[in-house]
Structure formats: C-alpha cells, structure tokens
Amino acid sequence: MSLAASTPRIPPAPARPRPGLGSGGRSGTLRDPALEPIADKVARGERLSLEDGRVLFTTPDIWTVCQLADQVRRRLHGDAAYYNINRHLNYSNVCALSCKFCEFYRKEADDGAYTRDMEYVRSQARAAVENGATEIHSVGGLHPKLPFSYYTDLCSTIRDTAREMGSDLHVKAFTAVEIVHLAKIAKVYKIDDRQSGIRWVLTKLKEAGLGSLPGGGAEVFDDRVHDEAYKGKIRSDVWLDVHRVAHELGLNSNATILYGHIETFPDRLVHMDMLRRAQDRALARLGYQGEMATGPQHHRANEEGTGGHLGYSGDEGADVPVITLTRPGSVLPERRAASHPSPNSGYFQTIIPLPFFPDGSELEHLPGPAGLENLRTLAVSRLMLDNFPHVKAFWIMQTLPMAQLMLQNGADDLDGTIVWYDITKVNHGAGQGSGGDGVRTHQEVNVWTLQKAIREAGFKPVERDTVYRRVVRDGADGRRWRSE
Ligand code: V47
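For the sequence shown, the positions run 23 to 506 when the numbering used here is used.
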C-alpha cells in the first residue's frame, strides 16, 4: 500500500453547530440546572469534584455532558485528531490467571493456546516496517514458564529488525500486570520493597528497547470489584507503583478504565481521581507545579508565568496544535519533542476508556455497556482527567462509526491501523456484543479509512508517533517516516 498515494482528497466537514450554553444540550431537551455550576467550572478550567462527576454520570442531559467534553477537547487540540500506524502483537495467550471478564486467556494444554517464537516476532516486525508502521504494541498473558530473557529478546528483536531495514519501531509493551509477573519470574520481586524489583525489570526492558508502557491491566481500581472479577491480578496500588517507576525512568505510559461490568459509577470516578492524582505527582516530578487544569484563565496565568497548567495553543503557523503545560520558561515534553531526541520524560499521555465485552467471558450474563453509556463515559473521562493530554477512542473496541462520534464528544485520538487484535473480538458487522459468525481477530483499517473517518467527523487527521510527535512521511511510497 502506498501511504503517500493514499492521502484522501475529501473536503473537511463543516464545523458542527454546538448548542449554546444557555439552552438545552440538544434542541427539545431541557438543560439540567445541576450542570450549570459544572459548566462554569469547565469554562474557568477548574478541577471537577467527585460529586461533579456523579452529576455527569447521572444527569439525563447527556448532550450537555458531551458538549462540555468537546469544549475541553477543542481547547486542548483544536480541530486536530490523531491516529497512528501500528501493529498489535499478542505474544502469548497462555495465562496463569483466570479473570472472569477475560475471553483471551488459555491454559497451556487448551486448544487454541499459543506462544510466539522470535522468528514470528521478527516476521511481525518486518511486516510492520513494510506497512510503514511506527509502533508495535505487544501484550500477552502471564505465561508461567517463559524466562525473563524472552521479554528482553522480544523488545530487542523488534528494534533490531526495524533498524536492519533502515527504519525504527517504537515498542509499547507489557501492562503493569505483566511487569510484576516478570519481576516474579526474574526473582527480584520483594513484597516489602516492590518498587526495587519493578525498577530492575523496567530498566532491563528499557535497555533492550522498550519505549513506553500501554495502559492495560488497570481495570477498575476498587478492591470489591477486583476480588470479584479479577482476583489474583495486581491491585491498584501496585499498578500505580509500576507506572510511577516507569515515569521515574523516563518512560511515558497510558492508562485504561474497563467499565460496564460489575462496577458502579462511584467506582469509575474514584478510578479517575486516583489516576489524576498519580498524574499530578508525575508532572510535579517533572517540575510542573500546582494543580493541572484546562481553561482560558490558565493561558493568562501562563502568560504571567505563575503556575503549571495544561492548555492548548494553536502554535503560530503550525498545523498541529501543541499542548503546553507551562511553568515559567517551560513546556510539556511533547512540545520539546521537536528539538529533543527523546521526548519520553515520564507521565501519563492518554486515558483509554474500554467498554466491557461480555461474550465468551465468565461474565457473559451481563449485558455490557451500550452506545450512549460509552459516549458518556468517554466524555466524563475527558472532563475528570483534566491533566491527561489525550483521550483515546480505541476504535477496534468502540467500532469506527462510534469512534467518529467520540471524536465530537471528548476524544482526540483513534489509535491505529491495528491488524491482529486478539483480546476482544468485535463483530463489526452486527455491533458490539453480538458474537456469532462475524467475530474475527483480523481487524484492520488502512490509513485512508482512518483519515476519512476523522474528516467526516469534522477534524483534521494528524499522524502521530507513540509519544504524540507529528509523523512526516517522505518518498514515493510514504514508508519512510520521521517524527518532528
Ligand atoms: O487490560 C480484557 C481489557 C485490556 C476484555 O495503551 C477487555 O494505548 C473489554 O489495554 N472486554 C488490553 N476489555 C487493551 C489495552 C489497550 C488497548 C488499546 C490501546 C492501549 C494503549 C491499551 O483489554 C486489558 C483489559 O482491561 N479487556 N478483556 C473484555 N472482555
């Protein structure tokens, strides 16, 4: 496929008229007065409380919630919507755990259990480079027998293969759950000092080529839900410790929330609050002080050089908006990227709300979340996680049409051109949770389709690399790329 040649010539859709603040969220619906103080806070860029979050989750006026999320999203990113060219590599589905919500895991002797060898990893890296990918996203089950060297080999094999082909691939790999498992395999995990074992593992993986951590395995940070649905998995404190150590080592990471199963709205809000506190700490370590928030007054504060805040500025002349998180004389690492060889500096980049898919899991009797709930949870994530630069609508789990709607209601990123994705299998023909014949693991869209979806939603497609630098493609076939 020629990436350069695939650039579509579709005129951008006209900006969608947004309902005024004084009216209902949609014509014909009444605006919920309980949203007024929240709208004021959003306009002022103030942090929302858990009680505000409860109102956002329970108000019947869902369109105003979405509108507020869109307001924040546009303040941060203007009309840019990000995507990347990537490939998922699930290296093994063999797992020592048996989480009730998971349909992916197999025991070693089960039909369909697989573990990829390095020749397979190499072939995937080659295919990724040939398709112009900038990233391999690799996660797997907690394999009881693979040695620690398997995981360092996986990272170095991907990097070396790409380099031999004159290119590069960012390795985004291993959830926090896997990192703790690796510390146990390497026999460096100590209950009374878990951070040192985690640090050892992450240091070795980084030396082997690991570039960042994906956001999986967080599920919902609540002990009741944990014990009922994924007992045996690490708890919230350990998940947060892994990301903290990763950040301290200069690795960026993402975070997820798996919603729509046995958790409650307050559980979701506590999860979001724990993440934004962890991000406050990560940003403070990088030298950004004060509560991070969005809002016009923060641009003023920034001009006066009085504090650290997240805000959008339509960088003069550039066609990619730049998120600036400013303290006097400083900017968010994403902006530093242009002149900095390693933009990773250790913070959460993206929140990815993941809707629970019941099919094939032990929780199959549950209905799973429907469209409006997905939209609302996405919007609430944008509003509550005021210090997260990005919100991802993971199209493979949300479907592409739904992801388009999400772009208009808080999301700024669609993820990528994923090829094989084994963890959840969406029947894109018949919609979420329908199971049946259409279920497949080969789920791919090409660049043209992603760009078209973004343009149709009224946004400007921007190809990014894993750490959200703009990707520029050269050459006739567009396979050669560099980050700016
Ligand atoms: O951790 C497992 C979830 C996650 C089900 O960091 C399920 O950029 C729904 O974390 N229904 C893996 N979800 C995926 C993930 C991810 C995806 C895309 C981008 C990034 C990123 C991270 O999938 C697991 C788990 O929370 N999951 N089973 C299920 N039945």
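Virtual Cβ for every residue (Gly too), placed ideally from N, Cα, C.
query, result
"Backbone secondary structure at Leu-472 - three-state DSSP", "helix"
"CA-to-CA distance, Asp-499 to Asp-259, given in whole angstroms", "46 Å"
"7 Å CB neighbourhood of Val-467 in its chain, flanking five on each side removed", "Leu-422, Thr-439"
"Whole-angstrom distance between Pro-380 and Ala-553, CA atom to CA atom", "Because the chain is modelled from 23 through 506, residue 553 falls outside the range shown and cannot be assessed."
"When Thr-488, Thr-471, Leu-429 are compared against Leu-98, the one with the closest alpha-carbon", "Leu-429"
"7 Å Cβ cutoff met for Thr-197 and Gly-163", "no"
"Local conformation of Arg-266 per DSSP, three classes", "helix"
"Collapsed DSSP secondary structure at Asp-62 in the structure displayed", "helix"
"Unbroken beta strand (DSSP E) run spanning Leu-90, endpoints", "Counting along the chain, Leu-90 falls outside any beta strand (DSSP E), though it belongs to the alpha helix (DSSP H) covering 84-99."
"Cα-Cα separation, Leu-235 to Asn-108", "15 Å"
"Beta-carbon contacts of Gln-426 that lie in its chain and below 7 Å, excluding the five residues immediately before and after", "Ala-475, Glu-478, Ala-479"
"Near the ligand V47: Phe-416 beta-carbon under 6 Å from a heavy atom", "yes"
"Nearest-angstrom Cα separation, counted from Phe-370 out to Leu-78", "23 Å"
"Contact test: Cys-177 Cβ vs the ligand NAD heavy atom, cutoff 6 Å", "Inclusion of the ligand NAD in the displayed structure is not the case, the ligand content consisting of the ligand V47 alone."
"For Val-489, three-class secondary structure by DSSP", "coil"
"Phe-378 Cβ short of 6 Å to the ligand V47 heavy atom set", "yes"
"First and last residue of the uninterrupted beta strand (DSSP E) at Gln-217", "Counting along the chain, Gln-217 falls outside any beta strand (DSSP E), though it belongs to the alpha helix (DSSP H) covering 216-230."
"Identity of the residues DSSP links to Tyr-105 by a beta bridge", "Glu-485"
"Where Glu-157 sits in the DSSP three-state scheme", "strand"
"Inter-stretch contact (C-beta, 8 Å, three-pair minimum) for the region 108-120 and the region 150-163", "yes"
"C-beta atoms of His-412 and Asp-434 nearer than 7 Å", "yes"
"Cβ neighbours of Ala-230 in the same chain (closer than 6 Å, five flanking residues each side left out)", "Thr-174, Cys-177, Ser-178"
"Alpha-carbon to alpha-carbon, Val-267 and Ile-256", "15 Å"
"Beta carbon of Gly-272 nearer than 7 Å to that of Ser-367", "yes"
"Beta-carbon spacing of Asp-92, Asn-431 below 7 Å", "yes"
"Burial state of Ala-240 (16 or more Cβ within 10 Å)", "buried"
"Assigned secondary structure, Asn-203 (DSSP; H/G/I helix, E/B strand, else coil)", "The sequence shown places His at residue 203, rather than the Asn named in the question. Here His-203 sits in helix by DSSP."
"C-beta atoms of Leu-407 and Ile-373 nearer than 7 Å", "yes"
"Proximity of Ser-120 and His-165 at Cβ, strictly below 7 Å", "no"
"Proximity test, Pro-236 beta-carbon vs the ligand V47 heavy atom, cut-off 6 Å", "yes"
"Best match in Thr-183, Glu-200, Arg-53, Arg-492 for proximity to Ala-118 [C-alpha to C-alpha]", "Glu-200"
"Every unbroken beta strand (DSSP E) within the region 367-451, with a cutoff of 3 residues, ordered by chain", "370-377, 435-438"
"Candidates Thr-81, Val-94, Thr-80, Pro-82, of which the one nearest Gly-67 by Cα", "Val-94"
"Spatial neighbours of Arg-307 in its chain, beta-carbon cut-off 8 Å, leaving aside the 5 residues before and after", "His-269, Glu-270, Gly-368"
"Distance cut-off 6 Å: Leu-117 Cβ against heavy atoms of the ligand V47", "For the record, residue 117 in the displayed sequence is Cys; it is not Leu. No, since every heavy atom of the ligand V47 falls outside the 6 Å radius drawn around the Cβ of Cys-117."
"Own chain, CB closer than 6 Å to Arg-501, minus 5 neighbours either side, in chain order", "Gly-154"
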